[in-house]
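Mapping the sequence shown onto numbering that gives the first Met the number 0, position 22 (from 1) lands on 21, and the numbers just tick up by one. By construction, the Cβ of each residue, glycine as well, lies at the ideal position given by its N, Cα and C atoms.
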Amino acid sequence: MKTAVITGASSGIGLVVARELARDGWRVIAQGRNPARSEAALTQIRAAVPDAQVEMLLADLSEMARVAEFADKVSEMTGRIDLLVNNAGFTPARRVETADGLEQCFATNHLAPFLLTDRLLPLLRAAGRGAQIINTASVAHKFIKDMMWDDLQQTRKFSAGDAYTQSKLANILHMRELARRTGPDNILVNAVHPGLVQTNFDSHGNIVVKLMYILSRPFSLTPEQGADTILWLARGGAPDATGQYFARRKTASLTPAAQSDAGAARLWRISEELLAGIQDQARRRGRGTSGRPDEA
0 MKTAVITGAS SGIGLVVARE LARDGWRVIA QGRNPARSEA ALTQIRAAVP DAQVEMLLAD
60 LSEMARVAEF ADKVSEMTGR IDLLVNNAGF TPARRVETAD GLEQCFATNH LAPFLLTDRL
120 LPLLRAAGRG AQIINTASVA HKFIKDMMWD DLQQTRKFSA GDAYTQSKLA NILHMRELAR
180 RTGPDNILVN AVHPGLVQTN FDSHGNIVVK LMYILSRPFS LTPEQGADTI LWLARGGAPD
240 ATGQYFARRK TASLTPAAQS DAGAARLWRI SEELLAGIQD QARRRGRGTS GRPDEA
């Protein structure tokens, strides 16, 4: 039985991917943040697939200690992962700093999947040739020229739109560098633009984001349509593809910034440095890297 780990699975695209993979006979370990929505999603999956092998874990992926704890729980539950779908996402209404001192959108949309993927790589390697990592990205990466390298956390001037589009560019850069690094392991790493999907994804957005979603409803996709390319990849639709960006089951165009190997490597280094700083802070507070108190 294949095992999939899916973040952001309490609604929308993630819920559909979890349900359909369970229908295909996969074991699914899903993540949600909101307890009520997560429980409702679990009930819905089991109603649609009575024999579903699915578990839902709660985790706030904006905090790196919670990300590490989630990874530890997954590692206790399985010895292999055939598919990791980094789908959880967040649209900001205003600038909020997490407990780690990070801008919340950057933390949730980029640094969380960066850390989670790193922690789960041994389980993906254990699955052998053909294990997959899929980042849910977006065409929104085209709405920003490049990463805001001199102020990634937007401490000087905050724009909700820039925060989101930068995070989607980061998803693609993460995918590119990860694909390069995992090539020898025969792990396939790709990113997907699901299309404009009507979900509760805009529930945290500001009034402009909410208005955009309302006006776009006549042209938007269902969660089932948005999940299609992810499921196509999961089912072996592009068996040799890695380091690619897909939309509607085809490779899609990228901006120069999203194709920059130098930018991908730079973001990787910065991400490692940020996580190292968070670990150092945790140790000084008497907490380990998993977010639990250090043992004597």
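| Query | Result |
| --- | --- |
| Give the secondary structure of residue 1 by DSSP, where H, G and I count as helix, E and B as strand, and everything else as coil. | coil |
| Which of the three DSSP states is assigned to residue 89 in this structure? | coil |
| Using DSSP with H/G/I as helix, E/B as strand and the rest coil, what is residue 106? | helix |
| Rounded to a whole number of angstroms, what is the C-alpha to C-alpha distance between residue 35 and residue 55? | 12 Å |
| Compute the Euclidean distance between the alpha carbons of residue 99 and residue 110, then round it to the nearest angstrom. | 11 Å |
| With a CB to CB cut of under 7 Å and the five nearest residues on each side skipped, what residues in its chain are close to residue 181? | 188 |
| Tell me which same chain residues have a C-beta within less than 7 Å of the C-beta of residue 116, skipping the five on either side of it? | 83, 85, 132 and 177 |
| State the start and end residues of the unbroken alpha helix (DSSP H) segment that holds residue 113. | 111-125 |
| With distance defined between alpha-carbon atoms, name the residue in 73, 69, 128 and 175 nearest to residue 266. | 175 |
| Report yes if the C-beta distance between residue 76 and residue 28 is below 8 Å; otherwise report no. | yes |
| Can you tell me whether DSSP reads residue 350 as helix, strand or coil? | Because the chain here runs from 0 to 295, residue 350 falls outside it and cannot be looked at. |
| Below 8 Å on the Cβ atoms is my guess for residue 140 versus residue 39; work out the distance and round it to an integer in Å. | That pair is no contact at about 31 Å. |
| Give the DSSP-derived three-state secondary structure of residue 53 in the structure shown. | strand |
| For residue 44, I'd like the list of residues in its chain whose CB is within less than 7 Å of its CB, leaving aside the five on either flank, ordered along the chain. | 17, 18, 21, 51 and 53 |
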